[in-house]
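One structure is given below, encoded as structure tokens.
2 protein chains.
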Amino acid sequence: MKIDVLFSPVQSDELYFTGKTTVVIDVLRASSTIITALMNGAKEIIPVGTVEFAVKISGGIFGGQTLLGGERNTIKIEGFALGNSPSEYTKDIVSGKSIVFYSTNGSRAIVKAKYSANLFICSFNNLKAMADHLKKLNEDIVILCSGNNSFLSLEDSVCAGMLVNEINTEDKAIVLTDSSKAAITLFNSFSKNILKLLSETDHGQLLITNGFESDLKTCAELDSTEVIPYYSGNAIKVLK
Amino acid sequence: MKIDVLFSPVQSDELYFTGKTTVVIDVLRASSTIITALMNGAKEIIPVGTVEFAVKISGGIFGGQTLLGGERNTIKIEGFALGNSPSEYTKDIVSGKSIVFYSTNGSRAIVKAKYSANLFICSFNNLKAMADHLKKLNEDIVILCSGNNSFLSLEDSVCAGMLVNEINTEDKAIVLTDSSKAAITLFNSFSKNILKLLSETDHGQLLITNGFESDLKTCAELDSTEVIPYYSGNAIKVLK
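Note that the protein sequences, when read in sequence, are chains A and B. For the first sequence, our numbering begins at 26 and goes up steadily by one. For the second sequence, our numbering begins at 26 and goes up steadily by one.
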């Protein structure tokens, strides 16, 4: 079993993921928001690569059960019902709904990895459940950090390292690459206080500046759910 | 003064570097080889982005004083005089010569960063000299790791972290990004024994398999020279 980590989607093209088992991480905030939406009863999340495509496919084909959600550069997109704060995705609002979702880094990373044989979404919120499932699955894994506009995101990298560390137990013969070794090292150095980490990273700082500080607390909650989002047929649903 | 680190050239396009002060690192082996060639009296190194371009521009325009050097996937290119082992670039062979140089990761990273206002080449061999010069220069810095075919290379990342750490002294007010914080963390974890590090990384392992183990020792030598390669007018020369 081999685990590799990509620190940004620009490190690979779409076909790289063909047939692979891929885990997309976007701690701040797409992964955490998708997990929250599914926890709160959303039927499915449909990730898209452009805002234009989000608008195009939401035009009535889901019979009024569709919501548009997401952000561009942290801010809710004009005309969208929801932004990218987990706190907006409450039971009242999302239960039973299909949510077409765009975000600057996260949704685009998911779309890029769409040819994966298995495609999961992970954040600190479902870390242990995700690790347990991957251990059972016993396939080679690519962890795809959504990053920050092609740059490394420390919160995604630390989360990736925590996932590698959780899987890399004595009963598994794990082959680590330079990248997965680097991720474990970052996890060991930065994971003692996840909320503090999130408040000090480049993207965390931007979110605080733009008024989203309260989101950091939700995104920092470790193992708050066992929901595993699974992408299949262009939509993300809860893995059964 | 801000220091950023790119772990792979794919994280940016060519124009990103316009006007910037950039340091390219390719520990195994392009940086170390270029430094060795200049130490041993080469007139200049002309880095190129393709093998075809190397062959094209070496056709006589330098009046017989040109050598072709470099590798593709670690192996010397057919028809080239030199590969990418520092040990090949001896005084006897390179003194006074222009060397047209291609390598899988390093020369392409240098060419990508060609619009930089200042463009330097660094490895463990000239780490302290490079840091001292950058401290004097006092400009924002982008450290560009050549990486390993779009993936993170642990040896380049650790070298980048050592450079950041060496510059980040008390008398400098350095702004660190997620990436430069990550690089410092990797430096702290992996730099105790550089030769051991090089022998365990993905690319180090490949070099050992392909018979280049002796190169690792040269590439692991810390501060063996004060030569700083500087790119200007399409050629790399010793910074005076």
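Beta carbons are placed, not taken as given, at the ideal position from N, Cα and C, and that holds for glycine.
In the DSSP output, what is residue i paired with across the bridge?
i	result
A:C170	A:I50
A:A260	A:S257
B:F42	For B:F42, which the question treats as bridged, DSSP gives no partner whatsoever.
B:K27	B:V200
B:T91	B:S123
A:R133	Note: A:R133 sits in no beta bridge, so no partner.
B:C147	B:I50
B:E69	B:S123
A:E195	A:E195 is not bridged to any residue.
Have a look at the options and flag the residue whose alpha-carbon is nearest the alpha-carbon of residue i.
i	options	result
B:Y196	B:I166, B:E180, B:K161, B:S123	Per the sequence presented here, residue 196 of chain B reads as Asp, with Tyr not at that position. When only C-alpha atoms are compared, the closest one is B:K161.
A:T202	B:A207, B:N218, B:D227, B:T194	B:D227
B:E180	B:F78, B:K139, B:C147	B:C147
B:K262	B:I28, B:D29, B:N174, B:I59	B:I59
A:L264	A:N173, A:N213, A:M155, A:I82	A:M155
B:H158	B:V252, B:V30, B:L40	B:V252
A:G229	A:K217, A:S216, A:C244	A:C244
B:I166	B:S178, B:S205, B:T194	B:S205
A:E238	A:L247, A:E225, A:D248	A:E225
A:F78	A:T115, A:F215, A:F105	A:F105
A:D38	A:K116, A:R133, A:N65	A:R133
A:I50	A:A62, A:V183, A:K81, A:T75	A:V183
A:G236	A:N98, A:N190, A:S120	A:N98
B:T47	B:V76, B:Y140, B:Y114	B:Y140
B:T194	B:L241, B:Y114, B:K153	B:K153
A:E69	A:Y114, A:L241, A:T234	A:Y114
Is the beta carbon of residue j closer than 9 Å to that of residue i?
i	j	result
B:A185	B:K45	no
A:G94	A:F145	no
B:Y256	B:A138	yes
A:V52	A:L223	yes
B:S57	B:E96	no
A:G131	A:A55	yes
A:I102	A:A67	no
A:I28	A:I135	no
A:S249	A:N109	no
A:L169	A:L31	yes
A:P34	A:G172	yes
A:L177	A:I219	no
B:N213	A:S214	yes
B:M64	B:V200	no
A:K116	A:L92	no
B:Q36	A:S175	yes
Would you call residue i buried or exposed, if buried means 16 or more other Cβ atoms sit within 10 Å of its Cβ?
i	result
B:S112	exposed
A:I100	exposed
B:Q90	exposed
A:L188	buried
A:S83	buried
A:T61	buried
A:E164	exposed
A:L40	exposed
Item to check | chain A contacts from the region 192-219 of chain B (Cβ-Cβ distance under 7 Å) | outcome: Taking 7 Å as the cut-off between beta carbons, the residues of the region 192-219 of chain B near chain A are T202, D203, S204, K206, A207, T210, L211, S214, in sequence order.
Checklist entry - What are the residues of the region 176-189 of chain A that lie near chain B, defined by any Cβ-Cβ distance shorter than 7 Å? => result F176, L177, S178, L179, S182
Item to check | Under 9 Å (Cβ pairs) to chain B, residues found in the region 26-38 of chain A | outcome: For the region 26-38 of chain A, which is checked against every Cβ of chain B, the residues closer than 9 Å are D29, V30, L31, F32, S33, V35, Q36, S37.
Item to check | Chain-ordered residues of the region 236-260 of chain B with a beta carbon less than 7 Å from chain A | outcome: none
Checklist entry - Just by C-beta distance, which residues in the region 222-237 of chain B are closer than 7 Å to chain A? => result T226, D227
Checklist entry - Which of the residues in the region 89-115 of chain B, read from start to end, lie with their CB under 8 Å from any CB of chain A? => result none
Item to check | Residues in the region 162-173 of chain B having any Cβ partner in chain A nearer than 9 Å | outcome: G172, N173
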